[in-house]
Every structure is written in structure tokens, then in C-alpha cells.
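Everything below concerns the one structure shown next.
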Amino acid sequence: MSIELRDTDVIWRNAKLATMNPAIKNTAGKSHYGMLEQHDLIVRDEKILAILPAGSVPANQCKVIDAGQRLITPGLIDCHTHLVFGGNRASEWEQRLNGVSYEEISAQGGGINATVNATRNSSAQQLEIVSQKRLNALMAEGVTTIEMKSGYGLDLVNEEKQLNVVRALAQKNPIEISPTLLSAHAVPPEYKHDPDAYIDLVCDAILPALWQKQLFEAVDVFCETVGFNLTQTQRLFETAKRLNIPVKGHVEQLSNLGGSELVAEYQGLSVDHIEHLDEKGIEAIKRSGTVAVLLPGAFYFLRETKRPPIALLRQYGVPMAISTDFNPGTSPFASLRLMMNMACVQLGLTPEEAWQGVTLHAAQALGRSDSHGQLAAGFMADFVVWDAQNPVDIFYELGHNPLVYRVYHGEMTHCDDLHGLN
Ligand code: NIG
Ligand code: FE
Numbered sequence: 000m001s002i003e004l005r006d007t008d009v010i011w012r013n014a015k016l017a018t019m020n021p022a023i024k025n026t027a028g029k030s031h032y033g034m035l036e037q038h039d040l041i042v043r044d045e046k047i048l049a050i051l052p053a054g055s056v057p058a059n060q061c062k063v064i065d066a067g068q069r070l071i072t073p074g075l076i077d078c079h080t081h082l083v084f085g086g087n088r089a090s091e092w093e094q095r096l097n098g099v100s101y102e103e104i105s106a107q108g109g110g111i112n113a114t115v116n117a118t119r120n121s122s123a124q125q126l127e128i129v130s131q132k133r134l135n136a137l138m139a140e141g142v143t144t145i146e147m148k149s150g151y152g153l154d155l156v157n158e159e160k161q162l163n164v165v166r167a168l169a170q171k172n173p174i175e176i177s178p179t180l181l182s183a184h185a186v187p188p189e190y191k192h193d194p195d196a197y198i199d200l201v202c203d204a205i206l207p208a209l210w211q212k213q214l215f216e217a218v219d220v221f222c223e224t225v226g227f228n229l230t231q232t233q234r235l236f237e238t239a240k241r242l243n244i245p246v247k248g249h250v251e252q253l254s255n256l257g258g259s260e261l262v263a264e265y266q267g268l269s270v271d272h273i274e275h276l277d278e279k280g281i282e283a284i285k286r287s288g289t290v291a292v293l294l295p296g297a298f299y300f301l302r303e304t305k306r307p308p309i310a311l312l313r314q315y316g317v318p319m320a321i322s323t324d325f326n327p328g329t330s331p332f333a334s335l336r337l338m339m340n341m342a343c344v345q346l347g348l349t350p351e352e353a354w355q356g357v358t359l360h361a362a363q364a365l366g367r368s369d370s371h372g373q374l375a376a377g378f379m380a381d382f383v384v385w386d387a388q389n390p391v392d393i394f395y396e397l398g399h400n401p402l403v404y405r406v407y408h409g410e411m412t413h414c415d416d417l418h419g420l421n
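To convert, note that position 229 of the sequence shown is 228 in numbering that gives the first Met the number 0; the numbers rise steadily by one, no gaps.
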């Protein structure tokens with residue numbers, strides 16, 4: 000490969016590159032994080048130009064950074080969050096710790112609707128301030144792409160307000176944001192006695208109006224006994240399909256309604272939660288190329304005992320992603336590293352699967368598998384330099400942050416001076 004480097008190109012040298020590229024195998028023929036040593040990672044503008052054996056192209060005048068044998072991984076991708084909301088539900092959590100169930104709280108008008116009230120009563124500016132803090136925590140641990148859902152407004156004005164905050168965050172921060180319309184998150188109080196009429200409102204007014212304003216790129220739903228049934232979900236998916244909008248779903252979290260099969264029928268991006276997913280559902284999502292998104296924070300915080308069917312998902316070769324599901328009710332955890340730890344300890348993933356879950360497969364869940372989630376030529380130059388030797392180190396020791404550099408679209412955005420490189 001003959002490449003003429005420019006002065007503005009950057010070479011990252013002397014690093015351990017966990018490329019996560021599934022085509023790169025070790026000597027035993029295993030993928031092993033797509034690990035490459037003694038290779039140069041060459042960045043041009045916002046993309047990775049090439050990964051080549053060290054020193055194989057003349058550096059000319061371009062900048063060479065010695066990574067001091069540290070680990071470089073793709074930037075982390077958090078593919079399922081409810082980051083923008085008002086208030087918190089700490090007192091509800093206290094109730095739950097005193098024995099009240101999530102379903103009971105939700106039936107009493109608490110749960111999601113408590114956050115809907117708080118979000119409706121917050122200005123866009125207030126929402127942006129609290130959301131920025133949550134985003135800062137995630138970025139500081141290496142997240143470079145994140146999905147954010149609406150779903151706490153539940154009417155046109157407030158869903159738009161939430162998505163406008165998402166847009167403002169995207170404009171002001173070095174992070175790529177994938178916005179999702181989750182207006183079918185809960186039945187708002189004013190439609191309590193007529194959920195079908197609320198779905199009509201979503202399909203006929205909210206979805207088309209906000210799509211027109213380019214405020215989201217996918218449509219989500221909470222398909223559950225305490226959310227929306229299969230018929231309502233299908234009505235929503237049909238509306239999305241007519242406009243060519245990808246769908247995904249919160250499905251099989253508390254029971255098995257068959258939501259996964261419905262998502263698969265619409266070639267959905269992902270099925271999320273899936274503790275109650277069965278083999279029929281797995282067959283369906285395998286056929287449709289849908290990603291299984293595991294949310295260990297919600298599993299833990301709700302004290303679930305039924306684990307997602309990891310062994311079967313593995314057997315069928317379904318890609319598994321991991322996400323924070325950051326939200327005030329079931330997963331108030333702004334740490335994707337903690338989720339990787341939990342996915343291994345509580346759900347039984349291997350460390351390599353955990354890494355694939357926040358890179359390769361999370362990118363696929365956001366429809367970005369050709370450009371994000373791997374260190375490879377042509378992919379976005381989104382990566383993290385860690386003060387670590389091995390990928391598992393990143394979520395083994397928690398409570399301090401091993402991030403040295405965070406690079407987003409080729410630009411250095413976070414740098415721990417203590418570990419500063421040359
Ligand atoms: O992903 N399952 C539904 N939605 C959220 C919970 C949101 C909330 O309780 O506020 C979830 O867990
Ligand atoms: Fe969620």
C-alpha cells in the first residue's frame with residue numbers, strides 16, 4: 000500500500016490496538032479483540048486512514064505520538080439511553096427498597112409518568128443543564144457515540160422539547176448522537192382511558208411532525224403489559240415503515256408478548272432488554288439481522304432474576320450489544336464500564352463479548368456498522384488511549400478512570416495530564 004502522508008496526518012505508534020475488527024485473528028485463529036501490536040494507527044482528518052506495520056510508511060513531517068505500549072480501543076458506543084429528563088426518582092427507589100414493585104409504582108401513576116411530569120415542567124434550558132452533566136460522565140469514560148431517546152414528553156410540544164435538547168447537546172459536544180423517537184414509552188395521564196387514541200396521536204401527529212424537522216433517526220416503543228400491546232406497536236411500526244424510518248423496541252423485559260418477532264418482521268435495528276426472549280424470538284431476530292441489546296443496569300436495579308438467554312443468543316450467533324439504558328427509574332448509571340462489568344458478572348458474557356457489545360455490535364444497533372465501532376481504515380477516528388495493557392483491565396478495576404486520551408473524529412478531546420504522552 001503506497002501512502003503519501005500529509006503534514007496534518009497523525010500517527011499513533013507503539014500501542015496495543017484492540018481493533019475489534021472481526022477479520023483479524025490471532026495465531027490460534029480466534030478473534031481475540033482483533034488485537035494488533037507493532038502497528039501504526041494513521042489518522043487523517045476525522046477518519047482512520049490506515050493501520051499498517053510500524054514504520055512502513057515514511058512519517059514525513061506528520062505528527063507521531065508514542066503511546067508507550069498503552070492500549071487503544073475504539074471509542075465506546077452507548078446505544079440505548081434516556082439521557083434527557085427532568086427530576087429524579089430517588090424516593091421511588093426508596094419505596095422499591097421497602098418492597099413495592101416497579102409494576103405497582105407504575106400503576107399508581109408513578110414510574111415513567113412521574114418523570115413525564117418533571118420533564119414537562121422543565122424548560123429546555125434546565126433539561127440541557129442536567130443532561131450535560133450526565134453526558135460529561137459518559138464522555139469522560141470514553142463514549143464517543145450515544146443514542147438518546149425522547150419519551151418523557153408524551154405530547155407534541157414536550158417530545159419536541161426533549162429532542163431539541165438532544166440536538167443542542169449534539170451541536171455543543173464532541174460526541175455523535177443518534178436521536179430516537181420514543182413517544183410510545185407510556186400512556187400519558189390525559190389518555191389513560193384511551194391508549195389507542197394516544198397511539199393515533201403519535202402516528203398521525205407527533206411522529207410525522209418531528210420527522211419532518213429531522214429530530215430523530217429511529218422509532219422505539221415500550222411493548223409490554225405496562226406499556227403498549229402488539230397491535231398498538233404494529234400500528235406504530237407501519238407508520239414508521241411508510242416513512243422508511245428504522246424501528247427498534249423495548250421488548251420482553253417483564254414478560255413475553257412476542258415484541259421481538261414483531262421488531263424482526265420490520266427488520267428492526269435492535270430488541271432491547273429481552274430477559275423473557277424465547278427461542279422463537281431468537282430465530283426471528285437472527286433472520287432479520289436485529290441486534291440483541293442487553294441492559295444489565297436495569298436487570299440489576301430492578302433485582303431481576305430471569306437472565307436474558309445468553310447461551311441461546313450465542314448459539315444462534317445473534318450480535319449482542321450492551322448499553323447503560325441511562326434513565327431515572329431503572330438504570331441511573333452513567334458508566335458504560337460498569338455495564339460491561341455487570342454484563343460479565345451477572346449475565347455471563349465473556350470480556351471479549353462485553354467489548355464487542357460496546358463497539359462493533361453497538362454500532363450495528365445504531366445502523367453504523369460500516370463507519371463506527373472498529374479501528375479500521377475508513378472508519379471514524381473515534382478511539383480511546385487507556386492507561387492499561389489489556390482490554391479486560393478497563394472494567395476490572397472500577398472507581399477510577401484509566402482513560403488517558405479520548406479522540407473524537409480525529410480531535411483530542413479529553414486528556415489526563417497525569418498520564419500525558421509526548
Ligand atoms: O428502559 N422500560 C422502559 N423504559 C425504561 C424505564 C424508564 C423509566 O422507568 O423511567 C427502561 O428501563
Ligand atoms: Fe430503555
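Glycine included, C-beta positions come from ideal geometry on N, C-alpha and C.
Item                                                                                                                                                                               : Value
Just to confirm the assignment: which complete alpha helix (DSSP H) runs, minimum length 4, are found wholly within the segment 88 to 122?                                         : 89 to 96, 101 to 106 and 111 to 119
Which word fits L402, buried or exposed, when buried means at least 16 other C-beta atoms lie within 10 angstroms of its C-beta?                                                   : buried
Does the beta-carbon of N326, which I'm using as the reference point, lie nearer than 7 Å to any heavy atom of the ligand NIG?                                                     : yes
Keeping to the same chain, check which residues put their C-beta closer than 6 Å to that of E158; ignore five residues upstream and five downstream.                               : S149, G152, S182 and I205
Reducing DSSP to helix, strand and coil, say where C202 ends up.                                                                                                                   : helix
Using 7 Å as the cut-off, classify the Cβ of A204 as near or not near the heavy atoms of the ligand NIG, replying yes or no.                                                       : no
For the alpha helix (DSSP H) containing E140, name the first residue and the last one.                                                                                             : No alpha helix (DSSP H) contains E140, which DSSP labels as neither H nor E.
Does at least one heavy atom of the ligand NIG sit under 7 Å from the Cβ of I71?                                                                                                   : no
Under the rule that 16 or more other beta-carbon atoms within 10 Å means buried, what is H399, buried or exposed?                                                                  : exposed
Contact defined as beta carbons within less than 8 Å: I believe A17 pairs with T72. What is the distance between those atoms, to the nearest angstrom?                             : 5 Å
Just to confirm, is the Cβ distance from I321 to G356 under 8 Å?                                                                                                                   : yes
Can you tell me which of I50, R88, A14 and A27 puts its alpha carbon nearest to the alpha carbon of G328?                                                                          : R88
Identify whether N340 lies in helix, strand or coil by the three-state DSSP scheme.                                                                                                : helix
To the nearest angstrom, how far is the alpha carbon of V165 from that of D77?                                                                                                     : 15 Å
Whose C-beta lies closer than 7 Å to the C-beta of Y197 among residues of the same chain, with five residues either side of it excluded?                                           : V186, P187 and Y190
Measuring alpha carbon to alpha carbon, tell me which residue in Q373, E396, S100 and A387 is nearest I23.                                                                         : Q373
How big is the Cα-Cα spacing for L312 and I281?                                                                                                                                    : 7 Å
Might you give, ordered along the chain, the residues of its own chain that have their beta carbon closer than 7 Å to the beta carbon of L337, omitting 5 neighbours on each side? : L397
Any chance the CB of H413 is under 7 Å from a heavy atom of the ligand FE?                                                                                                         : no
Whole angstroms are fine: how far does the CA of V218 sit from the CA of S130?                                                                                                     : 21 Å
Check whether the Cβ atoms of V63 and I2 sit closer than 8 Å, and answer yes or no.                                                                                                : no
Leaving out five residues before and five after L417 in sequence, what residues of the same chain have Cβ atoms less than 7 Å from its Cβ?                                         : The predicted model places L417 with a pLDDT of 47, which falls under 50 and marks its position as unreliable, so this point remains unresolved.
Taking only the alpha-carbon atoms, compute the straight-line gap between N340 and D324 and give it to the nearest angstrom.                                                       : 15 Å
So, using beta-carbon positions, are T232 and G267 closer together than 8 Å?                                                                                                       : no
Which residue wins for smallest C-alpha separation from M379, given the options T144, H192, V156 and C414?                                                                         : T144
Comparing the CB of H275 with every heavy atom of the ligand FE, is any distance shorter than 7 Å?                                                                                 : no
Near K240, what residues of its chain come up, given a Cβ to Cβ distance below 8 Å and the 5 sequence neighbours on each side ignored?                                             : V246 and Y265
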